[in-house]
Every structure is written in C-alpha cells, then in structure tokens.
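What follows is a single structure, written as structure tokens, with notes after it.
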Ligand SMILES: [Zn+2]
C-alpha cells in the first residue's frame, strides 16, 4: 500500500507530466516551474466566455481627467516586424515625449543593443509584448488567421519567458502585458494579472499595425480624449507612423495635452 507521501508524489508526477517546463529559464527553472504548475492548477477547468480586445480585465485608459495621453509603441518581432523606426524614436527623444514600449522577445533578440539603449533611457518604460506574439487564449482561439496560445501552460510561457528575458537584461519586471494582436479571453487576462501584470489595451488605434498613412495617424491621434492610451508601432520604419506622430504632437500640445507613461497613472 502506498504511503500518503508516495501517493502525493505519484499524483504530482502525473500532474507535471501534462506540460513541459524546460523551455524557460536556466537558473530560474525551478522557481518558474513551481509558479507555472501552481497557476495551471489554479485556472484549469476555467472556460472563457469572452474573446476580443476589450474583454473583462483589459485596461483601456488612464484613470484621470488630466489632459494627458499615453503613447504606447509595440515592437512585434515577426518575420518582417523586426525593424526599428529610428526617425520616430529620435523625435520622441528630441521632443522629450515619454512613451511605453511593448517589446516582443524576438525583437529583443534581433536588436539587443538597441533594446538596452531604449531600456536605459528614463523617457521610456519597457513593457511585455509576449514571446511568440500570440493572441492570449487558454484554448487556441483564433484571430486574423493566427492561433492563440492553446493552454494555460502555453499562455504562462508566452507571457513569462519574455518577461524573464526583459528582467535579465534590465533588472526590472515589466508592469504591463499586451498580447500579440491585443486579443484576449478573460481567463487569459486573469492569468496575466495573477503573474503580476496589468493588461494594457488601448483607447485609440493609432496606426493599424503601421499600415495607416501619416494623415490617418494624425487624424486618429487628434481624436484622443484626456486619459487615452494610443497603440502605435515602432518596428516599421518603412511605414508612416513617425510622420503622423510628428504631425499630431504639435497640434495636441496646442490643445493642452502632455504625454505620459502608463505607470504615471492608475489604469481603468
Ligand atoms: Zn504586436
């Protein structure tokens, strides 16, 4: 007859056998695996009901009436998304415009020196844009022809492996997570919260994946209300995001807006 301990161990081994934990993180493997196992246990059997950009728990604006805008720039790191919009970032630096940068692991790998330079600049804060840029699902939901993470375990890896990479390079855990495509189910949002991140949606679609013309970017930005979070991209120098931002900023300043990082306000 098995002792309680042996039975417990056997159950534990069976449980651990349901997902792989080795992909992550070298010297933090053990702590990471323990955390991942705990979260898989906590959320297993939870079936999501929502799927979209504004599901329960996604924060879409700053909780303030101050006349401020938070510009956020994604760096997605897909096959043709590893570029760097030098013109855009130089403009932000020159004009002293703070911004929150959502960076994907593959972009970091392709631009390590640049990443370190951006992370060292107090004008910017680094946020988490996932490891493989997957929509945040717990059951493989799809959007834009992309399959989201297929399980809680895969979702934890998607969020946390990039976070660990960022922490190792910067010494700081990111405060915010935005999934690839900015799509979520509400269980995935809870998992991100449980891991210690706020999920940052947006109020204003600023450049539609860097496909807008400069005038469209300007038009989108000028619709921003106080407290807006604007989503834009910093990884497509061939696009017109920089041109649009440069057209909109002087006009927004005339209207009394100042620019802030997400962390300067509570989100709602
Ligand atoms: Zn992206």
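In the working numbering, the protein residues as written are 1453 to 1720.
Even glycine gets a Cβ: it sits at the ideal position worked out from N, Cα and C.
Does the beta-carbon of residue i, which I'm using as the reference point, lie nearer than 7 Å to any heavy atom of ligand 1?
i, result
"residue 1632", "yes"
"residue 1584", "no"
"residue 1688", "no"
"residue 1485", "no"
"residue 1667", "no"
"residue 1637", "no"
"residue 1561", "no"
"residue 1423", "Given a span of 1453 to 1720 for the chain in the structure shown, any question on residue 1423 remains unanswerable."
"residue 1481", "no"
"residue 1537", "no"
"residue 1526", "yes"
Excluding the 5 residues preceding and the 5 following residue i in the sequence, name in chain order all residues of the same chain whose CB lies nearer than 7 Å to its CB.
i, result
"residue 1715", "1577, 1627"
"residue 1457", "Only weak support exists for where residue 1457 lies, its pLDDT of 43 falling under 50; the value from the coordinates is given anyway. Excluding positions up to five away in sequence, the list is empty."
Hey, residue i and residue j are a contact pair by Cβ (cut 8 Å); roughly how many whole angstroms apart?
i, j, result
"residue 1590", "residue 1607", "6 Å"
"residue 1670", "residue 1694", "No, residue 1670 and residue 1694 are not in contact; Cβ-Cβ is about 11 Å, not under 8 Å."
"residue 1518", "residue 1683", "About 20 Å separates the two Cβ atoms, so there is no contact after all."
"residue 1393", "residue 1623", "This structure cannot speak to residue 1393, because the chain is shown only from 1453 to 1720."
"residue 1549", "residue 1654", "Actually they are not in contact, since the Cβ atoms of residue 1549 and residue 1654 sit about 17 Å apart, beyond 8 Å."
"residue 1632", "residue 1586", "5 Å"
"residue 1562", "residue 1534", "4 Å"
Which residues in the same chain have their Cβ closer than 6 Å to the Cβ of residue i, if we skip the five residues on either side of it in sequence?
i, result
"residue 1679", "1513, 1514, 1516"
"residue 1664", "none"
"residue 1557", "1583, 1614, 1617"
"residue 1543", "1698"
Cβ of residue i within 7 Å of any heavy atom in ligand 3?
i, result
"residue 1518", "Summarising the ligand content, the structure contains ligand 1 and does not contain ligand 3."
Which residues in the same chain have their Cβ closer than 8 Å to the Cβ of residue i, if we skip the five residues on either side of it in sequence?
i, result
"residue 1579", "1524, 1552, 1553, 1554, 1555, 1626, 1627, 1628, 1629, 1630, 1652, 1714"
"residue 1708", "1519"
According to DSSP, residue i sits in a beta bridge with which residue or residues?
i, result
"residue 1685", "1526"
"residue 1504", "1636"
"residue 1580", "1555, 1629"
"residue 1711", "1521"
"residue 1651", "1629"
"residue 1588", "1636"
With 8 Å as the threshold, decide whether the Cβ of residue i is near any Cβ in chain C.
i, result
"residue 1589", "Absence of chain C from the displayed structure is noted, only one protein chain being present."
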